[in-house]
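Visitor: Per full-length UniProt numbering, residue 1 is the first one in the sequence shown, and the count goes up by one each step.
Glycine included, C-beta positions come from ideal geometry on N, C-alpha and C.
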Amino acid sequence: MNDEVMSLCIEMNNLSSRAGSHRVVKKYMFSVHAGIILKQDPSTFQPPELLPELERAVTKFKDVFDSIHSKGKQCPLKKQANNLIASFATLTQECSEFNVNVGSFAHVDLEDYPKKDTLCDCGFFGLKYVENYDGKSMREFKQEDMARYRMDVAHNLFIHPMNNAPMERAFREVLAA
Numbered sequence: 001m002n003d004e005v006m007s008l009c010i011e012m013n014n015l016s017s018r019a020g021s022h023r024v025v026k027k028y029m030f031s032v033h034a035g036i037i038l039k040q041d042p043s044t045f046q047p048p049e050l051l052p053e054l055e056r057a058v059t060k061f062k063d064v065f066d067s068i069h070s071k072g073k074q075c076p077l078k079k080q081a082n083n084l085i086a087s088f089a090t091l092t093q094e095c096s097e098f099n100v101n102v103g104s105f106a107h108v109d110l111e112d113y114p115k116k117d118t119l120c121d122c123g124f125f126g127l128k129y130v131e132n133y134d135g136k137s138m139r140e141f142k143q144e145d146m147a148r149y150r151m152d153v154a155h156n157l158f159i160h161p162m163n164n165a166p167m168e169r170a171f172r173e174v175l176a177a
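1) So, residue 95 versus residue 38, is the Cβ gap smaller than 8 Å?
2) Nearest to residue 91 by CA position, among 9, 120, 43, 119, is which residue?
3) How many angstroms separate the CA atom of residue 59 from the CA atom of residue 175?
4) Exposed or buried, which one is residue 121 when buried takes at least 16 other CB atoms within 10 Å?
5) Roughly how many whole angstroms lie between the Cα atoms of residue 162 and residue 34?
6) Of the choices 16, 156, 143, whose alpha-carbon is the least far from that of residue 182?
7) So, helix, strand or coil for residue 129, using DSSP?
8) Grouping DSSP H, G and I as helix and E and B as strand, with all else coil, what is residue 115?
Pasting the structure below:
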């Protein structure tokens with residue numbers, strides 16, 4: 001999944017979450033751009049660049065999921081995850097309206113969640129994590145589910161009300177490929 005498709009999926013999730021019932025857990029996903037900036041070395045991080053995104057996302061805990069199956073080893077993306085968390089804490093300190101110390105949030109390394117054995121489908125696993133995690137537990141899904149899920153994501157992007165691409169042109173392009 002490329003950055004453009006992932007960005008669309010993230011925006012669809014965030015719109016859906018904001019529009020949902022007040023009883024439903026709100027799940028906010030940072031943009032691909034924010035993720036790239038946050039996972040860099042914290043010493044080079046520039047908080048003002050992401051303040052608008054922070055203002056849309058307020059939560060009391062953080063969970064990090066790495067979709068790569070690491071069988072007893074430290075997760076391969078641990079350094080990037082730690083950079084992301086440190087930069088996020090710095091970002092929240094820069095926001096005057098954000099009066100919560102993110103550095104004090106519990107950091108839980110969850111073990112019991114689906115992982116994949118390949119280097120494919122990272123973005124789709126990320127979307128499934130958001131979809132299936134309620135803040136306490138992860139509903140089970142398998143790597144074998146990803147083929148169908150890829151089709152579902154494509155379908156949802158295609159029929160989304162904000163998709164203003166002419167349908168006929170899209171069909172012709174698909175058939176011509």
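Guide: So, to answer that:
1) No. Outside cutoff.
2) The shortest Cα separation from residue 91 among 9, 120, 43, 119 belongs to 43.
3) Because residue 59 sits at a pLDDT of 47, beneath the cut-off of 50, its placement in the model cannot be relied upon, and the point is left open.
4) Residue 121 is buried by the Cβ-count criterion.
5) When rounded, the distance between both Cα atoms is 22 Å.
6) Summary: the structure shown does not reach residue 182, with the chain confined to residues 1 through 177, and so no result is reported for it.
7) DSSP places residue 129 in helix when its eight states are reduced to three.
8) Judged by DSSP in its simplified three-state form, residue 115 adopts coil rather than helix or strand.
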